[in-house]
Structures are given as C-alpha cells and as structure tokens.
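Engineer: Dropping a structure here in structure tokens format, bear with me for questions.
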Amino acid sequence: DGLTIQSILGWIFAPLMYVLSIPWSEAQAAGAILGEKIILNEFVAYLTLTGAEGEFSPRSLAVLTFALCGFANLSSVGILLGGLGSLIPERMGEIARFGLRAVAAGTLSNLMSAAIAGILFVGG
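The sequence shown begins at -19 in this note's numbering and counts up one residue at a time.
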C-alpha cells in the first residue's frame, strides 16, 4: 500500500495494541486507528473501525471500542486553547504547555479501560 501517515502511526502504536491483548497480526491496523483518533478525532477513528470490522476478532473490536472512546486528541487541545484562551488570555502559554500532557493522560485513561475490557471479554 505504500508509506502513509496511518501506516507509520500503526507501527508506532502496534506494540501498545499488542500489550492490550490485540493479536500481533491485528496490532498494526489497530495502532493505525488509535493514531488516527489521537491526530484527528474519535469520530473519524470509529468510521475507520466500522469499515474494517472484518479485519479484527471480536475481542480486538471490544478492546478498540474502549480505546477509542474519549476526547483525548489534538483537536480537543485546540478547542481547549480557544475556549480558555479567550477567557484568560494571559495564561494561554501555560494552557498550551499542558495540552499534550492532557492528551497523553486522557489516552492512558482510555487504554486502561480497554485493558480491563480485554481482561473481562468472554466469547468469540
């Protein structure tokens, strides 16, 4: 398929997906969807997941559903900067510094929920 941003993100996040109990054969595709969620937003990632249902086992779908469920993405940082920046413009730099940390913390929170879903998943 060639080198795309999705494939690069897929390989970056594949080990993380593997740790979340997604088989290695599905980890690169799952990592690409998680990367898409972080860079763009969860709606685009869920649309991609819906189009790729045949690629994933039921357990992987359950784990990915929880991993994608949250607002930890770069567009949320923009919304935060726009909203809070207009209210307290003198602290815009401080808000911006914490933006990526907030995305990381939110993503880790979603991934913890996904890990629990993977542990509790029973079936297919």
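Glycine included, every Cβ here is placed at the ideal spot set by N, Cα and C.
What does a CB cutoff of less than 6 Å around residue 73 pick up in its chain, not counting 5 residues either side in sequence?
Structural biologist: none
Engineer: Between residue 25 and residue 17, is the Cβ-Cβ spacing less than 7 Å?
Structural biologist: yes
Engineer: Apart from the five residues just before and just after residue 85, which ones in its own chain have a Cβ nearer than 8 Å to its Cβ?
Structural biologist: For residue 85, where only same-chain residues beyond five positions count, the Cβ hits under 8 Å are 52.
Engineer: For residue 94, I'd like the list of residues in its chain whose CB is within less than 6 Å of its CB, leaving aside the five on either flank, ordered along the chain.
Structural biologist: 0, 43, 46, 47
Engineer: Select from -13, 21, 40, -14 the residue whose C-alpha is nearest the C-alpha of residue 141.
Structural biologist: Any answer about residue 141 is impossible in this case: the structure gives the chain only from -19 up to 104.
Engineer: Give me, in chain order, the residues of the same chain whose beta-carbon lies closer than 7 Å to that of residue 7; leave out the 5 immediate sequence neighbours on both sides.
Structural biologist: -6, -3, -2
Engineer: Considering residue 2, what are the terminal residues of the alpha helix (DSSP H) in which it resides?
Structural biologist: Looking at the DSSP string, residue 2 is not in any alpha helix (DSSP H), and its letter there is neither H nor E.
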